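A.B. asks:
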Amino acid sequence: MVFQLDRQLNKLSKKKDIIDRYNSTANFYDERYKEIQEEKYKLVLHNYTLKEKTILDCGCGTGLLGEYVLNSKNEEEIFNINFVAVDLSLNMLLKFKQKLLKLKNKERVSLILADIENLPFRDKKFNFIFSFTSFQNLPQYFKGVLEVLRVCSVVGDLILTILRKKLDLDNLVDFIKPLVRNLKVIDQKFVEDVIILCKNSQE
1 MVFQLDRQLN KLSKKKDIID RYNSTANFYD ERYKEIQEEK YKLVLHNYTL KEKTILDCGC
61 GTGLLGEYVL NSKNEEEIFN INFVAVDLSL NMLLKFKQKL LKLKNKERVS LILADIENLP
121 FRDKKFNFIF SFTSFQNLPQ YFKGVLEVLR VCSVVGDLIL TILRKKLDLD NLVDFIKPLV
181 RNLKVIDQKF VEDVIILCKN SQE
């Protein structure tokens, strides 16, 4: 019991550290990371249409992905989408909220303060889930994988990118492979993240 309590406290401490770190960097996050993140979006999104999708952005930060999608896609490509963005950092979400004032289709965006390991959504709600450069921050990223699969519709699309230097790729692939279909792993040296593309196979 003592060991389990210590382990739980360590997880909570790690999450608090993450929240504090991102709250403190929200004001200059875009200046430092926007260009890097947009290169990942371009690499991944050109093969997908988001039309009429219910989208979840896990670890949305300051809304760089939402901003990119709503500004770079034409009206036909984003017709009738619903974009739900979650993050643990309140300051990051407040930055995203400021951006919404200038974004087209902003009425289709919802911001939620939430934890990827404990998402406040019913099963199979989303048919497109993104998480860019967030899973390496989770105390238990396997739990995060199960949680995003829970809220992803059957054959819904899932795109995860994880910092290569903080990833045990073989273990993650072994874990996720039986749970999904059409698994594709992109590991290119010019991108700092490993990119995982797949469809949910969980009923």
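Residue numbers (UniProt numbering): 1 to 203.
For every residue, glycine included, the Cβ atom is placed at its ideal position computed from N, Cα and C.
Nothing here was measured: the structure is a model prediction, and the numbers come from that model.
1) So Ile-128 and Ile-55 are supposed to be a Cβ contact under 8 Å. How far apart are they, rounded?
2) Residue ranges of each alpha helix (DSSP H) run of no fewer than 4 residues wholly in the segment 118-181, ordered along the chain?
3) Express the C-alpha separation of Tyr-48 and Thr-161 in angstroms, rounding to a whole number.
4) On the premise that Val-69 lies in contact with Leu-50, defined as a C-beta separation below 8 Å, what is that separation, rounded to the nearest angstrom?
5) With a CB to CB cut of under 8 Å and the five nearest residues on each side skipped, what residues in its chain are close to Ser-110?
6) If you measure between the beta carbons of Leu-119 and Cys-58, is that distance less than 9 Å?
7) Taking buried to mean at least 16 other C-beta atoms within 10 Å of its own C-beta, is Phe-132 buried or exposed?
8) Buried or exposed: which applies to Asp-157, given that a residue is buried once 16 or more other Cβ atoms fall within 10 Å of its Cβ?
9) Where do the ends of the beta strand (DSSP E) carrying Ile-196 lie?
10) For Ser-110, does the three-state DSSP call read helix, strand or coil?
11) For Phe-65, which of helix, strand or coil comes out of DSSP?
12) Per DSSP, Cys-58 forms a beta bridge with which residues?
13) Using the beta-carbon count (16 or more within 10 Å), is Lys-104 buried or exposed?
14) Straight-line CA distance for Lys-95 to Asn-137?
15) Is the beta carbon of Leu-169 closer than 9 Å to that of Ile-142?
16) Rounded to a whole number of angstroms, what is the C-alpha to C-alpha distance between Leu-9 and Asp-17?
17) With burial defined as no fewer than 16 other Cβ atoms inside 10 Å of the residue's Cβ, what is the status of Gln-98: buried or exposed?
18) Taking the C-alpha atoms as reference points, what is the distance between Phe-79 and Lys-53?
19) On the criterion of 16 or more Cβ atoms from any shown chain inside 10 Å, does Ile-36 qualify as buried, or is it exposed?
20) Would you tell me roughly how many angstroms separate the C-alpha atoms of Phe-121 and Lys-189, rounded to the nearest one?
C.D. replies: Taking the structure as given:
1) The amino acid occupying residue 128 in the given sequence is Phe; Ile does not appear at that position. Correct: roughly 5 Å between the Cβ atoms.
2) 141-151 and 169-176
3) 16 Å
4) 7 Å
5) Asn-82, Phe-83, Val-84 and Ala-85
6) yes
7) buried
8) buried
9) 193-200
10) strand
11) The question names Phe, yet the displayed sequence has Leu at residue 65. The answer is helix: DSSP assigns Leu-65 an H, G or I state.
12) Val-86
13) exposed
14) 20 Å
15) Here residue 142 turns out to be Phe, not Ile, going by the sequence shown. Against a cut-off of 9 Å, the Cβ pair of Leu-169 and Phe-142 comes out as no contact.
16) Because Leu-9 sits at a pLDDT of 47, beneath the cut-off of 50, its placement in the model cannot be relied upon, and the following sentence gives the value as read from the coordinates. Each residue's Cα considered, the two are about 12 Å apart.
17) exposed
18) 9 Å
19) exposed
20) 35 Å
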